[in-house]
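Participant: The following block contains the structure, expressed as structure tokens.
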Amino acid sequence: METNKKLTIPAFLSQSFEKYSTNDFLGFSDEKAKSYAEIQEEVKSVVAFLENLGVKQGDKVAIFSNNMPNWGITYFATVSIGAVAVPLLPDFSETELQNILSHSEAKVIFTSEILEDKVKAVSTVFLESKIRINDFTNIDVKSDAKHDYNVKSDTIADVQEDDLAIIIYTSGTTGKSKGVMLTHKNLCFNTEKCAVLQPIREDDVFLSFLPLSHAYENTLGLLLPMNNGASVYYLRKLPSPAVLIPAMHAVKPTVMLSVPLIIEKIYRNKILSSLNAKKTTKMLYKIPPIRKMINVAAGRKLMENFGGRLRFFGIGGAKLDSVVEKFLIEAKFPYAIGYGLTETSPLLAGVNPQTIRLNSTGPVIEGMEYKLNDVNPKTGEGELWAKGPSIMKGYYKEPKLTSDVLTEDGWFNTGDLVTMDKDNYIYVKGRSKNFIVGSSGENIYPEEIESIINNFNFVTESLVIEEKGRLVALVHLNMEELEKKYQLVKHDLDDKIEDLKADLKLYINSKVNKFSAIKVVTIQKTPFEKTPTKKIKRYKYNQ
Numbered sequence: 040m041e042t043n044k045k046l047t048i049p050a051f052l053s054q055s056f057e058k059y060s061t062n063d064f065l066g067f068s069d070e071k072a073k074s075y076a077e078i079q080e081e082v083k084s085v086v087a088f089l090e091n092l093g094v095k096q097g098d099k100v101a102i103f104s105n106n107m108p109n110w111g112i113t114y115f116a117t118v119s120i121g122a123v124a125v126p127l128l129p130d131f132s133e134t135e136l137q138n139i140l141s142h143s144e145a146k147v148i149f150t151s152e153i154l155e156d157k158v159k160a161v162s163t164v165f166l167e168s169k170i171r172i173n174d175f176t177n178i179d180v181k182s183d184a185k186h187d188y189n190v191k192s193d194t195i196a197d198v199q200e201d202d203l204a205i206i207i208y209t210s211g212t213t214g215k216s217k218g219v220m221l222t223h224k225n226l227c228f229n230t231e232k233c234a235v236l237q238p239i240r241e242d243d244v245f246l247s248f249l250p251l252s253h254a255y256e257n258t259l260g261l262l263l264p265m266n267n268g269a270s271v272y273y274l275r276k277l278p279s280p281a282v283l284i285p286a287m288h289a290v291k292p293t294v295m296l297s298v299p300l301i302i303e304k305i306y307r308n309k310i311l312s313s314l315n316a317k318k319t320t321k322m323l324y325k326i327p328p329i330r331k332m333i334n335v336a337a338g339r340k341l342m343e344n345f346g347g348r349l350r351f352f353g354i355g356g357a358k359l360d361s362v363v364e365k366f367l368i369e370a371k372f373p374y375a376i377g378y379g380l381t382e383t384s385p386l387l388a389g390v391n392p393q394t395i396r397l398n399s400t401g402p403v404i405e406g407m408e409y410k411l412n413d414v415n416p417k418t419g420e421g422e423l424w425a426k427g428p429s430i431m432k433g434y435y436k437e438p439k440l441t442s443d444v445l446t447e448d449g450w451f452n453t454g455d456l457v458t459m460d461k462d463n464y465i466y467v468k469g470r471s472k473n474f475i476v477g478s479s480g481e482n483i484y485p486e487e488i489e490s491i492i493n494n495f496n497f498v499t500e501s502l503v504i505e506e507k508g509r510l511v512a513l514v515h516l517n518m519e520e521l522e523k524k525y526q527l528v529k530h531d532l533d534d535k536i537e538d539l540k541a542d543l544k545l546y547i548n549s550k551v552n553k554f555s556a557i558k559v560v561t562i563q564k565t566p567f568e569k570t571p572t573k574k575i576k577r578y579k580y581n582q
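Residue numbers for the sequence shown follow this note's numbering, beginning at 40 and rising by one.
Encoded structure:
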């Protein structure tokens, strides 16, 4: 791996286009990917198009699209001319879209066909062109510029490492979106350190299904394979099991990135339901040596479902349920957990499948400094701060918000409460903003209680909140599974749910400290609203 090249995306691209020209690069899962050489030519044609649209160095170019090869091509073209990419999450509402386009002062927006109606409805004083990313045609423009694949531009701006590359608007668990400014150095440094942690080969095949507009997939799912000559495949539809399974069998990925909710659903809906289907298996599963044998067999089947070649399954974006992680360890599934934030480009700590430890995200990545502030002498818990080349430039147009989390000498407050073991492996307890103070001053971590709740029969997801000094568990049940199991009429089903609530309360309180006891269990009838990394938007329910 090169370590002395300039830390800019154009420099990384230039080297990869030359070194891996004949390798497959970007494609859909149902077709052959285009080579690095072919993608280079397409990037040049979009560079010419951007120049024709009047985009100059420093201008903002928004990308509002589902994942596809043209997403990466547009992104690479944008940063090649020194413009700043503004990726937008496909599930942003028209109001959010309007606000972000105005706040970012985006000059051009590229959108996928299925999102066109949202884009047509918005306008700002800065926005000059709206382009369909599928085929690069104008959909509502103030200019008559047209894309022509045969018109190419070799322009590569004199981009510096500390120049802004991207502004990522987070849709977090605490409300209003903030524009995180990441430089070329932020992204490229993080990309190189990811490859130190988990080496990527040029014959690796990525199957991408998390949004490219999120820092996690953007850095680890696009820049990382690009910098190492690997190929990336995308889905044509949303990643439901009916879409994902055929894609995995067709592509046979060696690398995939996921969020905990995906693998937790697979475990509960496929693995656990299969184990519980037979009374004999259910009984044998309680015997540790036999359980391990069963889990190894289940792991082999899981690998087959993923295409049979998987060597790295990265999990990030939220905390993984410890029961599910124990299964993955015993099943010898090649997973690893990473930790980070958009503000850290995003990976801050991580491991590979050979160095995992239960419930840990691993140590802080090479080249980054860290410290724990306000450490509790009894528990060892402290707030994690970090400093180094991965830390963001700041929040766009938000100096006060920036100074709240970033000191003048470069220390960033992650807002996460963690402990560390003797080898500096990190164990995330929860967000410092989320923890609840008990009646006698105890720290209560709702995420830990939720992990217990989510392992109870028929529970899909949960949220623990404080209400008038009491801990309340909001619980969303798998009603389909419940109805199938008991085949009850509505009246009887309501009674069964009341019994479940009582049983659940007893179950939780038998496993937590007295000060963390749940007083009320409430049924959440609809799924919780979530961020792109499938974390529940707590602010929506913590009123």
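Where a beta carbon is used, it is the ideal one built from N, C-alpha and C, also for glycine.
All values derive from a computational prediction rather than experimental measurement.
Val271 to Tyr546, Cα distance in whole Å?
Facilitator: Within the sequence shown, residue 271 is the residue found at index 232, counting from 1. Within the sequence shown, residue 546 is the residue found at index 507, counting from 1. If I take the Cα positions, the gap works out to 44 Å.
Participant: What does the alpha-carbon distance come out to for the pair Ala357 and Asp183?
Facilitator: To locate residue 357, count along the sequence shown from 1; it is residue 318. To locate residue 183, count along the sequence shown from 1; it is residue 144. Approximately 45 Å between the Cα atoms of the pair.
Participant: Should Val559 be labelled buried (16 or more other beta-carbon atoms within 10 Å of its own) or exposed?
Facilitator: The sequence position of residue 559 within the sequence shown is 520, counting from 1. With fewer than 16 Cβ atoms within 10 Å of its Cβ, Val559 is classed as exposed.
Participant: Which residue from Lys523, Asp174, Ser162, Ser68 puts its Cα closest to that of Asn109?
Facilitator: One-based indexing of the sequence shown puts residue 109 at position 70. Of Lys523, Asp174, Ser162, Ser68, the residue nearest in Cα terms is Asp174.
Participant: Can you tell me whether Val94 is helix, strand or coil according to DSSP?
Facilitator: On the sequence shown, residue 94 is found 55 positions in, with the first residue counted as 1. Three-state DSSP puts Val94 in coil, outside helix and strand.
Participant: If you count every other CB in all the chains shown that lies within 10 Å of the CB of Leu397, and 16 or more means buried, which is it?
Facilitator: Position 358 of the sequence shown, counted from the start, is the residue given in the question as residue 397. By the neighbour-count rule (16 or more Cβ atoms within 10 Å), Leu397 is not buried but exposed.
Participant: Tell me whether Asp443 counts as near the ligand GTP, meaning its Cβ is closer than 7 Å to at least one heavy atom of that ligand.
Facilitator: The ligand GTP is not among the ligands present in this structure, which contains no ligands whatsoever.
Participant: In whole angstroms, what separates the C-alpha of Thr194 from that of Ala72?
Facilitator: As a first step, residue 194 is located in the sequence shown; it is residue number 155 there, counting from the start. As a first step, residue 72 is located in the sequence shown; it is residue number 33 there, counting from the start. Looking at the two C-alpha atoms, the distance is approximately 25 Å.
Participant: Taking its Cβ as the centre, do 16 or more other Cβ atoms sit within 10 Å of Gln393, making it buried, or is it exposed?
Facilitator: Reading the sequence shown from its first residue, position 354 is the one you call residue 393. Result: exposed.
Participant: Work out the CA separation of Asn106 and Asp542 for me, nearest whole Å.
Facilitator: Numbered from its first residue, the sequence shown carries residue 542 at position 503. Numbered from its first residue, the sequence shown carries residue 106 at position 67. The alpha-carbon atoms of Asp542 and Asn106 are separated by roughly 43 Å.
Participant: On the CB-based measure, 16 or more other CB atoms within 10 Å of its CB, does Met431 come out buried or exposed?
Facilitator: One-based indexing of the sequence shown puts residue 431 at position 392. Met431 comes out buried.
Participant: Using DSSP with H/G/I as helix, E/B as strand and the rest coil, what is Ile395?
Facilitator: Along the sequence shown, read from residue 1 onward, the residue named residue 395 stands at position 356. Of the three classes helix, strand and coil, the one that applies to Ile395 here is coil, per DSSP.
Participant: Pro566 CB to nearest chain B CB: under 8 Å?
Facilitator: No chain B is part of this structure, which consists of one protein chain only.
Participant: In angstroms, rounded to a whole number, what distance separates the CA positions of Thr212 and Lys573?
Facilitator: As a working note, residue 212 is residue 173 in the sequence shown. As a working note, residue 573 is residue 534 in the sequence shown. Any answer about Thr212 is weak, because its pLDDT of 47 lies below 50 and its placement is not dependable; what the coordinates show is given next. Cα to Cα, Thr212 sits roughly 10 Å from Lys573.
Participant: Nearest-angstrom Cα distance between Leu456 and Lys468?
Facilitator: On the sequence shown, position 417 is the one that residue 456 refers to. On the sequence shown, position 429 is the one that residue 468 refers to. So the two alpha carbons sit approximately 6 Å from each other.
Participant: Can we say the stretch 123-130 touches the stretch 245-254, given the rule of at least three CB pairs closer than 8 Å?
Facilitator: The stretch 123-130 vs the stretch 245-254: in contact.
Participant: Determine the extent of the beta strand (DSSP E) in which Met459 is found, giving its start and end residues.
Facilitator: As a first step, residue 459 is located in the sequence shown; it is residue number 420 there, counting from the start. Start and end: 451-459.
Participant: Once the 5 residues before and after Asn315 are set aside, which same chain residues still bring their CB inside 7 Å of it?
Facilitator: Start at 1 with the first residue of the sequence shown, and residue 315 comes out as number 276. So the qualifying residues of the chain are Lys321.
Participant: Hey, Thr458 and Gly419 are a contact pair by Cβ (cut 8 Å); roughly how many whole angstroms apart?
Facilitator: Along the sequence shown, read from residue 1 onward, the residue named residue 458 stands at position 419. Along the sequence shown, read from residue 1 onward, the residue named residue 419 stands at position 380. Their Cβ separation, rounded to whole angstroms, is 5 Å, which keeps Thr458 and Gly419 in contact under 8 Å.
Participant: Expressed to the nearest angstrom, what Euclidean distance is found between the alpha-carbon atoms of Arg509 and Ile302?
Facilitator: For the purposes of this step, residue 509 is taken as the residue at position 470 of the sequence shown. For the purposes of this step, residue 302 is taken as the residue at position 263 of the sequence shown. When rounded, the distance between both Cα atoms is 32 Å.
Participant: How would you call Pro327, buried or exposed, if buried means at least 16 neighbouring beta carbons within 10 angstroms?
Facilitator: As a working mapping, residue 327 is identified with position 288 in the sequence shown. Burial call: exposed.
Participant: Which residue from Pro428, Lys169, Arg275 puts its Cα closest to that of His186?
Facilitator: If you number the sequence shown from 1, residue 186 lands on position 147. With distances taken between Cα atoms, His186 lies closest to Lys169.
Participant: State the DSSP-derived secondary structure class of Tyr525, mapped to helix, strand or coil.
Facilitator: Indexing the sequence shown from 1 puts residue 525 at position 486. Helix, per DSSP.
Participant: Check Val290 in the structure and name its three-state DSSP category.
Facilitator: On the sequence shown, residue 290 is found 251 positions in, with the first residue counted as 1. Of the three classes helix, strand and coil, the one that applies to Val290 here is helix, per DSSP.
Participant: Would you give the residue range spanned by the alpha helix (DSSP H) that Val235 belongs to?
Facilitator: Here residue 235 is taken as the residue at index 196 of the sequence shown, counted from 1. Looking at the DSSP string, the run of the alpha helix (DSSP H) that includes Val235 is 223-236.
Participant: Would the stretch 377-395 and the stretch 323-342 be scored as touching if the rule is three or more Cβ pairs under 8 Å?
Facilitator: No, they do not touch.
Participant: Report all residues from its chain with a CB closer than 6 Å to the CB of Ser297; omit the five preceding and five following residues, and keep chain order.
Facilitator: Taking the sequence shown and counting its residues from 1, one reaches residue 297 at position 258. Excluding residues within five positions, the ones whose Cβ falls inside 6 Å are Ile354.
Participant: Mapping the DSSP letters down to three states, classify Thr176 as helix, strand or coil.
Facilitator: Numbered from 1 along the sequence shown, position 137 holds the residue referred to as residue 176. In this structure, Thr176 counts as strand in the three-state DSSP scheme.
Participant: If you drop the 5 nearest sequence neighbours on each side, which residues of the same chain put their C-beta closer than 7 Å to that of Leu140?
Facilitator: To locate residue 140, count along the sequence shown from 1; it is residue 101. For Leu140, where only same-chain residues beyond five positions count, the Cβ hits under 7 Å are Ala101, Ile148, Val161, Thr163, Leu166.
Participant: Use the C-beta contact count for Gln634: other C-beta atoms within 10 angstroms, 16 or more gives buried, fewer gives exposed.
Facilitator: With the chain covering only 40 through 582, there is no way to say anything about residue 634.
Participant: How should Lys276 be labelled, buried or exposed, when 16 other C-beta atoms within 10 angstroms of its C-beta is the threshold for buried?
Facilitator: In the sequence shown, residue 276 corresponds to position 237, counting from 1. Lys276 should be labelled exposed.
Participant: On the DSSP letters alone, give me the boundaries of the beta strand (DSSP E) that Tyr466 sits inside.
Facilitator: On the sequence shown, residue 466 is found 427 positions in, with the first residue counted as 1. Element bounds for Tyr466: 465-470.
Participant: On the DSSP bridge list, what partners appear for Leu513?
Facilitator: Counting from one through the sequence shown, the residue named residue 513 turns up at place 474. Looking at the DSSP assignment, Leu513 forms a beta bridge with Leu502, Thr561.
Participant: Tell whether a beta-carbon distance below 8 Å holds between Tyr75 and Phe67.
Facilitator: Numbered from 1 along the sequence shown, position 36 holds the residue referred to as residue 75. Numbered from 1 along the sequence shown, position 28 holds the residue referred to as residue 67. No, they are not a contact pair.
Participant: Using a threshold of 8 Å, state whether the C-beta atoms of Ala204 and Val244 are closer than that.
Facilitator: By one-based count along the sequence shown, residue 204 stands at place 165. By one-based count along the sequence shown, residue 244 stands at place 205. No, the pair does not count as a contact, with Cβ atoms beyond the cut-off.
Participant: May I ask which residues mark the beginning and end of the beta strand (DSSP E) holding Lys426?
Facilitator: Residue numbering aside, residue 426 sits at position 387 when the sequence shown is read from its first letter. Start and end: 421-426.
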